[in-house]
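A.B. asks: Next up is a structure, given as structure tokens.
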Amino acid sequence: MDDFKRSGAEVVMADEEYTLFKDLAYREFGIVIRGDKRLTLQTKLAYRLSLLGLSTYGDYYDRIVNEPSREEMCIFISHITNNETYFLRESSQLNAFAKLLADIKKQKKGLNTVSILSAGCSSGEEVYTLNIMLMESGLFAWGWQVRLIGMDVSRTAIEKAKKAVYSKESFRMMNGSEDFVQKYFDKSDDRYILKKHFQSNVQFIHGNVLLPESLYGINDIDVIFCRNILIYMDDAAVGRIAANFYRHLSDDGYLFVGLSESLLKRTDLFVPEYRDGIIVYRKNPSAYSRT
Ligand SMILES: C[S@@+](CC[C@H](N)C(=O)[O-])C[C@H]1O[C@@H](n2cnc3c(N)ncnc32)[C@H](O)[C@@H]1O
3 MDDFKRSGAE VVMADEEYTL FKDLAYREFG IVIRGDKRLT LQTKLAYRLS LLGLSTYGDY
63 YDRIVNEPSR EEMCIFISHI TNNETYFLRE SSQLNAFAKL LADIKKQKKG LNTVSILSAG
123 CSSGEEVYTL NIMLMESGLF AWGWQVRLIG MDVSRTAIEK AKKAVYSKES FRMMNGSEDF
183 VQKYFDKSDD RYILKKHFQS NVQFIHGNVL LPESLYGIND IDVIFCRNIL IYMDDAAVGR
243 IAANFYRHLS DDGYLFVGLS ESLLKRTDLF VPEYRDGIIV YRKNPSAYSR T
């Protein structure tokens with residue numbers, strides 16, 4: 003029996019165990035697992051169970067919550083998040099971002115630093131896209147301190163992002179345009195390596211957008227991209243994230259969320275502003291005392 007249980011793949015996740023994991027994902031990361039995903043979760047976590055030699059999913063849950071280092075917590079979340087991303091995602095938002103750069107420069111009034119956060123950056127395609135655009139704009143070339151930060155809760159995604167090595171999958175929405183790939187990547191077999199020059203300015207950190215400490219020391223951010231994460235969260239979690247961003251975004255700053263996501267009716271900390279056909283969010287000045 004023990005041998006049977008240890009093989010991981012065959013161990014069944016009981017309904018109560020499924021509820022424990024669902025609650026954990028929400029409590030720690032704000033992620034709402036909708037519908038019945040018990041079998042999906044079981045399949046995703048089976049390998050950990052077998053690797054750690056655990057007999058039940060309940061044992062695995064105990065292991066996650068009792069480990070002081072929180073290493074297994076990070077591995078758990080890496081297994082359940084959706085990390086889908088690609089270069090040049092949502093051109094309408096990227097065009098608006100490109101146009102904002104000149105305004106951001108004007109708003110600086112002598113200060114020569116610019117900082118951009120990609121929250122939930124996954125394997126880095128988003129933040130590298132923004133860096134390429136910013137560098138190509140030529141607006142911050144001389145005497146500027148440029149800082150782009152990619153942050154994600156998945157350590158696997160962060161490690162991949164740091165390597166900056168991609169496959170064709172990461173270019174899937176480019177409608178066959180080879181120019182971008184040829185200009186910014188070196189090709190080696192079926193791998194595309196972002197040229198070192200375009201990796202400069204970018205750093206990656208492991209963090210949870212829900213937690214104030216994840217953004218500790220990162221202040222006066224000019225632009226935050228937080229796309230395709232809020233869709234997995236409920237209003238309470240979105241409220242916590244908005245409060246976190248409010249504290250760390252500069253008063254003149256801009257917040258982009260995914261095209262299918264909205265902050266309207268979910269928080270009043272940010273107000274929408276129409277820019278080049280899309281919505282960007284600005285800080286609501288009257289909310290200052292509430293954060
Ligand atoms: C679908 S990907 C989106 C990547 C990129 N922003 C884009 O739009 O292409 C969502 C990412 O958010 C990360 N994520 C989910 N919850 C998070 C949290 N609480 N804190 C930080 N990152 C989180 C996931 O690990 C995943 O890499």
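When we follow my numbering, the leftmost residue of the sequence shown carries the number 3, and every step to the right adds one.
For each residue, glycine too, the CB sits at the ideal point set by N, CA and C.
1) With 16 as the cutoff for other CB atoms within 10 Å, does E127 come out buried or exposed?
2) I need the DSSP call for F99, collapsed to helix, strand or coil.
3) Are the stretch 105–120 and the stretch 166–174 in contact at 8 Å, needing three or more beta carbon pairs?
4) In angstroms, rounded to a whole number, what distance separates the CA positions of A143 and K107?
5) Touching or not, the stretch 244–256 and the stretch 270–288, by the rule of three or more beta carbon pairs under 8 Å?
6) Would you kindly report the start and end of the unbroken alpha helix (DSSP H) that includes M135?
7) Am I right that L119 and I220 are in contact with their C-beta atoms under 8 Å? What's the rounded C-beta distance?
8) Could you tell me the distance, in whole angstroms, from the CA atom of Q184 to the CA atom of L217?
9) At a cut-off of 7 Å, is T87 close to ligand 1 when judged by its beta-carbon and the heavy atoms of the ligand?
10) Closer than 7 Å by C-beta to R157: which residues in its own chain qualify, once you throw out the five before and the five after it? Chain order, please.
11) Which of the three DSSP states is assigned to L47 in this structure?
12) Quick check on the burial criterion: 16 or more other C-beta atoms within 10 angstroms. Buried or exposed for S190?
13) Mind checking V129: buried by the 16 CB within 10 Å criterion, or exposed?
14) Which residues in the same chain have their Cβ closer than 7 Å to the Cβ of S125, if we skip the five residues on either side of it in sequence?
15) Give me the DSSP bridge partner(s) of P274.
16) Cα separation between E138 and I151?
17) Quick one: is E92 buried, meaning 16 or more other Cβ sit within 10 Å of its Cβ, or exposed?
18) Count the other C-beta atoms from every protein chain shown that fall within 10 angstroms of the C-beta of N203, then say buried if there are 16 or more, exposed otherwise.
19) What is the residue span of the alpha helix (DSSP H) that A163 lies within?
20) For D237, name the three-state secondary structure that DSSP assigns.
21) Closer than 7 Å to a non-hydrogen atom of ligand 1 - does that hold for the CB of M75?
22) At the level of alpha carbons, what is the spacing between I233 and T58?
23) For F227, list the residues DSSP reports as bridge partners.
24) Is V155 near ligand 1, going by C-beta to nearest heavy atom under 7 Å?
25) Tell me whether F99, by its Cβ, gets closer than 7 Å to a heavy atom of ligand 1.
26) Can you tell me whether E19 is buried or exposed, with buried defined as 16 or more other CB within 10 angstroms of its CB?
27) Excluding the five sequence neighbours on either side, which residues of its own chain have a C-beta within less than 7 Å of the C-beta of N210, listed in chain order?
28) Does ligand 1 have even one heavy atom less than 7 Å from the beta-carbon of N230?
C.D. replies: Looking at the coordinates:
1) buried
2) helix
3) no
4) 11 Å
5) yes
6) E127 to S139
7) 7 Å
8) 35 Å
9) yes
10) C76, S80 and H208
11) helix
12) exposed
13) buried
14) N85, T87, A159, K162 and A163
15) Y283
16) 18 Å
17) buried
18) buried
19) R157 to K165
20) helix
21) no
22) 31 Å
23) S120 and F258
24) yes
25) no
26) buried
27) F31, V155 and S216
28) yes
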